[in-house]
Amino acid sequence: MGAFSLLLAMVGTLLAGAWPAEAASTVDRVAREIRAEATRGNTDRGGRPLPLAAHWNTGQRPNGFDPAYQLRMIARGHHLLPWLQLPSPDQTEGLEYYEIPVRMMAELRLPLSFVSTQWEHRLTDDKAYFDLPADRNPNVVDPEGKVRREVCPFGPVAPWRAVGQQWTTSPILRLLQLWYPNPPRVLFISNNEHSKLTWSQVEQSARYLERHGKGRNDTFKRQVVAEGWIERYRALQAGMRDGLTQARWRQNALFVGYEAFGPAHLGRWEGWEEYSLWTPGRIDPAPLAWDGGSPSLYTHNWNASTDYTVWSPQVEAMNWVPMLAEAHRLNPRFWFELSTWDGHEPTLANDKRKVYAQAGQTASPERYGGMVQFGMWLLCPRAVREFRGWTDTVANAEPYFLPILAAVDRVYHNPILRRFWRQSQLVPNRAHPHPYAANLPPDYRAADRWFLLDTDLDPPRPWTLSTEIPVFALARVLGQPGGREWLIYAHAPLGERQGVTVTLPEYGQVRIDVTPAGVFYHLRERGRRLQRVL
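Numbering-wise (this note's numbering), the sequence shown opens with residue 42 and increments by one.
In structure tokens form, the structure reads like this:
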């Protein structure tokens, strides 16, 4: 560890003594585990990759979740996928944010992830693109010839590749590649929220009308828009890959989009498909347009969703189970992670913590962790990436990040959890349909989408969006009938529940105690042995 010691000396007060020499062996072990799971394939013979923790706050403002914080947490044994702010194309300042941490990450051979705004925004916000003639303009051109401030799925492709290359030929990113030429994995993560033409507005595009005219059906419109985005987002990413100077960066780069995944709101109301790109046989084009997606397991502050009702992240995420299987059929290397958030906007009246407080509830970190952990064990994501605003601080936000770290770490530390994460299958509850059942596509009408186990606390059916669910429980199974094992996970958002009766399909009933933070029970079919794990 000579080089490590040298870098440790370089870091000086940056780590403020939080990385003592005796931690070197822990750092090395945890770095190996992080590297192994970040590079493990989705279909690895050894089982699923174990999860990693990450964040959207990159710490460019003081006291945020900066690289020094991340290295300290890795030194303490936490399994983080390091994240940095992607340098902007013209950025030349701020080397101090990158140099020492990146050199240390290189010493430890850690994977990297770069969080950024939506790369294509420059096609609209940079006059060099927005002022191009209509026939060369990547933005929407309306029937009157006016250019609109949103990108177009029918416009020229070349600008997409060109703007992608601008992002990875920046002076700072070239330096990062010199400091760390051989990372085992590099994720480029886009916020993916730039304004773009929707399928329901295609007749406002002169290009669409020239090619297809008016009056086409909705399926056709969704199809051509989806194909347009696949081509353009892949061109954008190809440009970014072209701009990388180091072969290992080009080889190991994955491009991941926030919300680049199927619609969690599938079936919630009759018109759900207006906000989707569903076409027969494919729920969403994202696996063909991106290398990965980071959909939001959020209790949004701007809608009525909560963590304790039918309209909840837990219930909506069940829609993603068959969608994830489809994504991996379309793109076996697809990197699926979860973005998480509790709807905390302290300056706004609709801050979700205030909403809970007005209902006499406490939005504790433990409760938030229980919800996130439900999503983890439902979907087994590659990473769990928490969202906080770019100006937020560790002092303010870390209490809500620590339960996520704990949920990730316990998969590594507990052999029962590790075995079930690697190899188990989710148990469907076919006694009930998913409550989101409006206007379902044919290939999703019979798909398993309901995984919430029945309990004796369940309210009478039928359920509405506002129906309260006292206990959220799911199960994963290993083995064959007669010798099966189940891992039951349950959490109770509104408070601890004792002696809850849970019905496990093809087994029967068990009684468990449930907390807001979540509990695990291991059940063996032989001997009907039930044991609390955590």
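From the three backbone atoms N, C-alpha and C, an ideal C-beta is built for every residue, glycine too.
The model shown is predicted, which means the values in this text are computed figures rather than measured ones.
In chain order, what residues of the same chain have a beta carbon less than 8 angstroms from the beta carbon of residue i, not counting five sequence neighbours either side?
| i | result |
| --- | --- |
| residue 575 | 451, 455, 458, 560 and 561 |
| residue 255 | 244 |
| residue 315 | 241 |
| residue 342 | 384, 385, 386, 389, 391, 392, 393 and 396 |
So residue i and residue j are supposed to be a Cβ contact under 8 angstroms. How far apart are they, rounded?
| i | j | result |
| --- | --- | --- |
| residue 496 | residue 542 | 6 angstroms |
| residue 512 | residue 551 | Contact doesn't hold; Cβ gap of about 13 angstroms is too wide. |
| residue 6 | residue 294 | Only positions 42 to 575 of the chain appear in this structure, which leaves residue 6 out of reach. |
| residue 133 | residue 351 | In fact, because the Cβ distance is near 51 angstroms, the residues do not count as touching under 8 angstroms. |
| residue 141 | residue 68 | Not quite, the Cβ-Cβ distance comes to about 15 angstroms (not below 8 angstroms), so this is no contact. |
| residue 278 | residue 302 | That pair is no contact at about 16 angstroms. |
| residue 213 | residue 139 | 7 angstroms |
| residue 340 | residue 354 | 6 angstroms |
| residue 150 | residue 77 | Residue 150 to residue 77, Cβ: 11 angstroms. No contact. |
| residue 546 | residue 437 | Actually they are not in contact, since the Cβ atoms of residue 546 and residue 437 sit about 42 angstroms apart, beyond 8 angstroms. |
| residue 323 | residue 83 | The Cβ separation is near 19 angstroms, so there is no contact. |
| residue 538 | residue 498 | 7 angstroms |
| residue 157 | residue 211 | Between residue 211 and residue 157 the Cβ distance is about 11 angstroms, and since that is not below 8 angstroms, they are no contact. |
So which of the options has the shortest CA-CA distance to residue i?
| i | options | result |
| --- | --- | --- |
| residue 312 | 205, 415, 478 and 92 | 478 |
| residue 432 | 144, 262, 85 and 100 | 100 |
| residue 202 | 174, 162 and 239 | 162 |
| residue 325 | 354, 266 and 182 | 266 |
| residue 510 | 348, 152, 359 and 400 | 348 |
| residue 368 | 344, 386, 330 and 389 | 330 |
| residue 224 | 430, 386, 285 and 137 | 285 |
| residue 501 | 524, 514, 525 and 473 | 473 |
| residue 449 | 416, 475 and 434 | 416 |
| residue 205 | 127, 252, 429 and 195 | 127 |
| residue 358 | 374, 343, 338 and 366 | 338 |
| residue 503 | 400, 475 and 527 | 475 |
| residue 218 | 288, 180, 261 and 268 | 288 |
| residue 164 | 366, 157, 207 and 152 | 207 |
| residue 344 | 306, 485 and 365 | 306 |
| residue 97 | 465, 485, 381 and 216 | 381 |
| residue 523 | 567, 553, 176 and 195 | 567 |
Please go through the same chain and pick out, in chain order, the residues whose beta-carbon is closer than 7 angstroms to the beta-carbon of residue i, but skip the five residues on each side of it.
| i | result |
| --- | --- |
| residue 310 | 479 |
| residue 154 | 95, 122, 123, 124, 228 and 230 |
| residue 184 | 247 and 250 |
| residue 43 | With a pLDDT of only 42 at residue 43, under 50, the local geometry of the prediction cannot be trusted, and no value is derived from it. |
| residue 272 | 198 |
| residue 102 | 431 and 432 |
| residue 535 | 349, 402 and 511 |
Who pairs with residue i in a beta bridge, going by DSSP?
| i | result |
| --- | --- |
| residue 526 | 519 and 565 |
| residue 495 | 544 |
| residue 237 | 192 |
| residue 550 | 544 |
| residue 380 | 337 and 426 |
| residue 405 | Note: residue 405 sits in no beta bridge, so no partner. |
| residue 514 | 531 |
| residue 330 | According to DSSP, residue 330 bridges with nothing at all. |
| residue 157 | 231 |
| residue 180 | 192 |
| residue 300 | According to DSSP, residue 300 bridges with nothing at all. |
| residue 610 | Outside the displayed span of the chain (42 to 575) sits residue 610, for which this structure offers no information. |
| residue 96 | 427 |
Taking CB distances under 8 angstroms as the criterion, tell me whether residue i reaches chain B.
| i | result |
| --- | --- |
| residue 83 | Among the chains of the structure shown, chain B does not appear; only one protein chain is present. |
If you drop the 5 nearest sequence neighbours on each side, which residues of the same chain put their C-beta closer than 6 angstroms to that of residue i?
| i | result |
| --- | --- |
| residue 235 | 159, 161 and 162 |
| residue 481 | 308 |
| residue 363 | 488 |
| residue 178 | 188 |
| residue 404 | 394 and 397 |
| residue 445 | 94, 413, 425 and 427 |
| residue 372 | 328 |
| residue 49 | The predicted model places residue 49 with a pLDDT of 49, which falls under 50 and marks its position as unreliable, so this point remains unresolved. |
Would you kindly check if the distance between the Cβ of residue j and the Cβ of residue i is under 8 angstroms?
| i | j | result |
| --- | --- | --- |
| residue 406 | residue 379 | no |
| residue 532 | residue 402 | no |
| residue 441 | residue 120 | no |
| residue 517 | residue 467 | yes |
| residue 565 | residue 88 | no |
| residue 335 | residue 299 | yes |
| residue 490 | residue 360 | yes |
| residue 519 | residue 461 | yes |
| residue 514 | residue 411 | no |
| residue 191 | residue 136 | no |
| residue 282 | residue 275 | no |
| residue 171 | residue 435 | no |
| residue 333 | residue 376 | yes |
| residue 215 | residue 80 | no |
| residue 175 | residue 181 | no |
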